[in-house]
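J.: Structure in structure tokens, see below.
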Amino acid sequence: MLVELAVRNLGVIAESRIALGAGMTALTGETGAGKTMVVEALRLLSGGKADPSRVREGAAEAVVEALFALDDTEWVARRVVPASGRSRSYLNGELVTAGELCSVTGGLIEIHGQHSQQALLDRGSQRSALDQYAGIDTGPLDAARRSLAELQEQLA
Numbered sequence: 023m024l025v026e027l028a029v030r031n032l033g034v035i036a037e038s039r040i041a042l043g044a045g046m047t048a049l050t051g052e053t054g055a056g057k058t059m060v061v062e063a064l065r066l067l068s069g070g071k072a073d074p075s076r077v078r079e080g081a082a083e084a085v086v087e088a089l090f091a092l093d094d095t096e097w098v099a100r101r102v103v104p105a106s107g108r109s110r111s112y113l114n115g116e117l118v119t120a121g122e123l124c125s126v127t128g129g130l131i132e133i134h135g136q137h138s139q140q141a142l143l144d145r146g147s148q149r150s151a152l153d154q155y156a157g158i159d160t161g162p163l164d165a166a167r168r169s170l171a172e173l174q175e176q177l178a
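Residue numbers for the sequence shown follow this note's numbering, so the first one is 23 and each next one is one higher.
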């Protein structure tokens with residue numbers, strides 16, 4: 023569970039700290055209040071690509087930090103995005119790759135947008151969900167499809 027989220031110098035947010043309780047959390051507010059930046063902060067913590075243009079104007083870097091509690095274990099995830107240069111990711115104070123950060127936080131953060139349910143209407147998404155549920159390894163089929171696409175491109 024996400025217990026606390028701290029955001030500094032990300033978009034319109036100069037500094038903010040949010041303490042969250044159990045259950046669902048909904049972000050509401052006026053246009054320009056920073057809702058998108060809170061979602062961006064969560065995306066960064068789940069290993070998403072860092073965009074230096076999101077760093078608040080005049081700031082050297084944006085910092086996003088979250089405290090997660092899972093059973094009796096607490097994790098502190100941190101992402102630092104400089105205005106120029108590469109971002110850095112930390113887990114419990116140790117430098118890690120964005121992929122390593124995602125492997126820990128990816129299952130703890132789930133973001134649903136306004137039209138997220140539209141994927142349910144896509145046949146490919148439906149098939150993928152069924153294959154995953156049934157435990158079907160689609161690797162060989164995916165490789166065959168890629169080979170076919172390459173051959174078709176060569177013939178074109």
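We treat Cβ as the ideally placed atom computed from N, Cα and C, and that holds for glycine.
Quick caveat: nothing in here was measured; it's all calculated off a predicted structure.
(1) Straight-line CA distance for Gly115 to Val98?
(2) If Val102 and Glu83 are in contact, beta carbons under 8 Å, what's the gap, nearest whole angstrom?
(3) Could you give the first and the last residue of the continuous alpha helix (DSSP H) run that contains Arg167?
(4) Any idea what DSSP makes of Ser75, helix, strand or coil?
(5) Note down, one range per segment and in chain order, each beta strand (DSSP E) of at least 3 residues found wholly within the segment 105 to 144.
(6) Report yes if the CB atom of Phe90 is closer than 8 Å to the CB atom of Met46, and no otherwise.
(7) Starting from Val60 and walking both ways along the beta strand (DSSP E), at which residues does that stretch end?
(8) What does DSSP give as the partner residue(s) for Val29 in the beta ladder?
(9) Between Ala28 and Glu37, what straight-line distance do the alpha-carbon atoms span, to the nearest angstrom?
(10) With a threshold of 16 other CB atoms inside 10 Å of the CB of Thr127, please say whether the residue is buried or exposed.
(11) Would the beta-carbon of Val86 fall within 8 Å of that of Ala63?
(12) Can you tell me whether DSSP reads Ala44 as helix, strand or coil?
(13) Determine the closest residue to Thr95 out of Glu172, Leu113, Ser106, with distance taken between C-alpha atoms.
(14) For Glu96, which beta-bridge partners are listed by DSSP?
(15) Helix, strand or coil: how does DSSP classify Leu3 here?
(16) Based on the DSSP output, what are the partners of Gly101 in its beta bridges?
T.: In brief:
(1) A straight line joining the alpha-carbon of Gly115 with that of Val98 spans about 7 Å.
(2) Taking the Cβ atoms as the reference, Val102 lies roughly 6 Å from Glu83, within the contact range of under 8 Å.
(3) First-last of the alpha helix (DSSP H) with Arg167: 161 to 177.
(4) For Ser75, the three-state secondary structure derived from DSSP is helix.
(5) Taking 3 residues as the minimum length, the beta strand (DSSP E) runs contained wholly in the segment 105 to 144 are 110 to 113, 116 to 118, in order along the chain.
(6) At least 8 Å separates the beta-carbon of Phe90 from that of Met46.
(7) Not the beta strand (DSSP E): Val60 falls in the alpha helix (DSSP H), residues 57 to 67.
(8) DSSP output for Val29 lists Ser38, Val86 as bridge partner(s).
(9) The C-alpha of Glu37 is placed about 8 Å away from the C-alpha of Ala28.
(10) Buried, by the Cβ-count rule.
(11) It is a contact, given that the beta carbons lie within the stated cut-off.
(12) Here Ala44 carries a coil assignment [DSSP, helix/strand/coil].
(13) The residue with the shortest Cα to Cα distance from Thr95 is Leu113.
(14) DSSP output for Glu96 lists Ala91 as bridge partner(s).
(15) Limits of the chain in this structure are 23 at one end and 178 at the other, which puts residue 3 out of reach.
(16) Reading off the sequence shown, one finds Arg at residue 101, where the question assumed Gly. Beta-bridge pairing links Arg101 to Val86, Ser111.
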